[in-house]
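Asker:
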Amino acid sequence: MILILSNKWDVTVDFVVKELQNRGHPYLRINTEDLPEVDVTTELPNFSITVEKQGEKTELSEEIGSIWYRRPGKPYEFADEDKKPDQATVEYIREQWEAWLNSLQTLSGVTWINHPEDNRRMESKIHQLRLADKLGFRIPETTVTNSGPDVLETFDRHGTVISKALSSPLITETEQDEFVFSVHLEDPPSVDDESLKVCPTIFQEPFLPKTDYRVNVIGDTVIPVRIEAKAGEQVAVDWRTEKEAVRFVQDSLPQKIEDLCRDFVDEAGLIFGAIDLVEVDGEYVFLEINPNGEWGWLQKPWDIPIAEHLTDHLIEHDNEAEVQ
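When you line the sequence shown up against our numbering, it's residues 26 to 349, in that order.
(1) Out of Ala256, Leu126, Ser31, which has the shortest C-alpha to C-alpha gap to Arg95?
(2) When the distance is taken between beta carbons, is Glu304 closer than 8 Å to Lys235?
(3) Please list, in chain order, all residues of the same chain as Lys268 whose beta carbon is under 8 Å from its beta carbon, the five residues on each side excluded.
(4) Using only alpha-carbon positions, find the residue among Ala346, Leu339, Gln259, Glu345 that is nearest to Ile29.
(5) Helix, strand or coil for Phe289? Go by DSSP, reduced to three states.
(6) Assess contact between the stretch 129–139 and the stretch 165–173, defined as three or more Cβ pairs (one per stretch) separated by less than 8 Å. Is contact present?
(7) Have a look at the DSSP bridge pairing and note the partners of Pro51.
(8) What residue does the beta strand (DSSP E) around Lys362 start on, and which one ends it?
(9) Let me make sure I understand the geometry here. Which of Asp105, Val274, Val176, Val205 has the alpha-carbon closest to that of Thr266?
(10) Does the separation of the CB atoms of Pro316 and Glu148 fall below 8 Å?
(11) Just to confirm, does Tyr52 get its C-beta within under 7 Å of one of the non-hydrogen atoms of the ligand NAD?
(12) Does the contact criterion of 3 or more C-beta pairs under 8 Å hold for the stretch 145–162 versus the stretch 205–218?
(13) Alpha carbon to alpha carbon, how far is Ile248 from Asp291? Give it in angstroms, no decimals.
(14) With burial defined as no fewer than 16 other Cβ atoms inside 10 Å of the residue's Cβ, what is the status of Glu313: buried or exposed?
(15) Given this structure, state the Cα-to-Cα distance separating Lys150 from Glu178, to the nearest angstrom.
(16) Please name the residue, chosen from Asp143, Cys286, Val115, Leu278, that lies closest to Asp245 on a Cα-to-Cα basis.
Below is the structure:
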């Protein structure tokens, strides 16, 4: 059986669930914001983990062969305020469920796509760039700093720079979450700009004009997608800011670059990864990888068959566990 850990608003999961249903393969989906509605029991020293959901019990330690660690939420995350305990109690409950979810990592003979620790480690953009460089990708000249003089020195080298967040670019707000996109800075800031000192930021040499690629790697399967403007113009510096103005076309890459993408994901300890590349004058440059990247918007309406390949891998690893 395949265990899916996600949240109930993740449409991407729905594509894989539909594939599993079409193929008649058993799965258990746990939307983690609803965990308080699920009964779980862990027994020791005769180790077992049992989950009861809607009256059906699953013995995880015996039945689960692969786990898709998608994008788990938090208990009460989308609950109405009048249905939540007080904030201190909510935090306590979340910590206890997080500890239980972490205990699933003790399950033996299980393949994770991806293991939470591998996801966490590969969220580091500095780690990503060092690994890409080691494997033979070209990477942008990069300065990570909160020093005004060092930012100006980067401008002196390149004329203009690309600025992006060092870690998660999502800012959680009460009303609506905000996303920090990559920005092309054409004018240098003041050397004593106090906003620079607040935290380190990535400043990179710009590659413009460029052709963007989102490369989804699933095991040995590499699915490159070229991103192009619908009106035939240049794609924005960060194409996510103009998603409605671009189209996504399944494409191919030079064999060397495809192999590098595959090698990167393998060396990173991942099975799935969404790699961002740009092509400039026939040369491909590694920008970053999202180890748990979103792809539902490629599956539909652009008919990029990621769900099919991901389902293949989940089932393959599940069946391998049964053989063992």
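Ideal Cβ placement from N, Cα and C applies to all residues, glycine included.
Answerer: In short:
(1) Start at 1 with the first residue of the sequence shown, and residue 95 comes out as number 70. When only C-alpha atoms are compared, the closest one is Ser31.
(2) In the sequence shown, the residue the question calls residue 235 occupies position 210. In the sequence shown, the residue the question calls residue 304 occupies position 279. Yes, Cβ-Cβ distance for Lys235 and Glu304 is below 8 Å.
(3) The residue given as residue 268 occupies position 243 in the sequence shown. The residues are Trp322.
(4) Counting from 1 along the sequence shown, the entry for residue 29 is found at position 4. Nearest C-alpha to Ile29: Leu339.
(5) Translated into the one-based positions of the sequence shown, residue 289 becomes position 264. Reduced to three states, the DSSP call for Phe289 is helix.
(6) Contact between the stretch 129–139 and the stretch 165–173 is absent, because fewer than three Cβ pairs lie under 8 Å.
(7) For the purposes of this step, residue 51 is identified with residue 26 of the sequence shown, where counting begins at 1. The partner list for Pro51 (beta bridge, DSSP) is empty, contrary to what the question assumes.
(8) Residue 362 lies beyond the range of the chain shown here (26 to 349); nothing can be said about it.
(9) Numbered from 1 along the sequence shown, position 241 holds the residue referred to as residue 266. When each option's Cα is compared against that of Thr266, the closest is Val205.
(10) Locating residue 316 in the sequence shown gives position 291, where the first residue counts as 1. Locating residue 148 in the sequence shown gives position 123, where the first residue counts as 1. In this structure, the beta-carbon distance from Pro316 to Glu148 falls below 8 Å.
(11) No copy of the ligand NAD occurs in the structure displayed, which carries no ligand at all.
(12) No contact exists between the stretch 145–162 and the stretch 205–218.
(13) As a first step, residue 291 must be located in the sequence shown, where it is residue number 266. As a first step, residue 248 must be located in the sequence shown, where it is residue number 223. Near 15 Å, if we compare the C-alpha coordinates of Ile248 and Asp291.
(14) In the sequence shown, residue 313 corresponds to position 288, counting from 1. Around the C-beta of Glu313, 16 or more other C-beta atoms lie within 10 Å, and the residue is accordingly described as buried.
(15) Reading the sequence shown from its first residue, position 125 is the one you call residue 150. Reading the sequence shown from its first residue, position 153 is the one you call residue 178. Distance between the alpha carbons of Lys150 and Glu178: 21 Å.
(16) In the sequence shown, residue 245 corresponds to position 220, counting from 1. The residue with the shortest Cα to Cα distance from Asp245 is Cys286.
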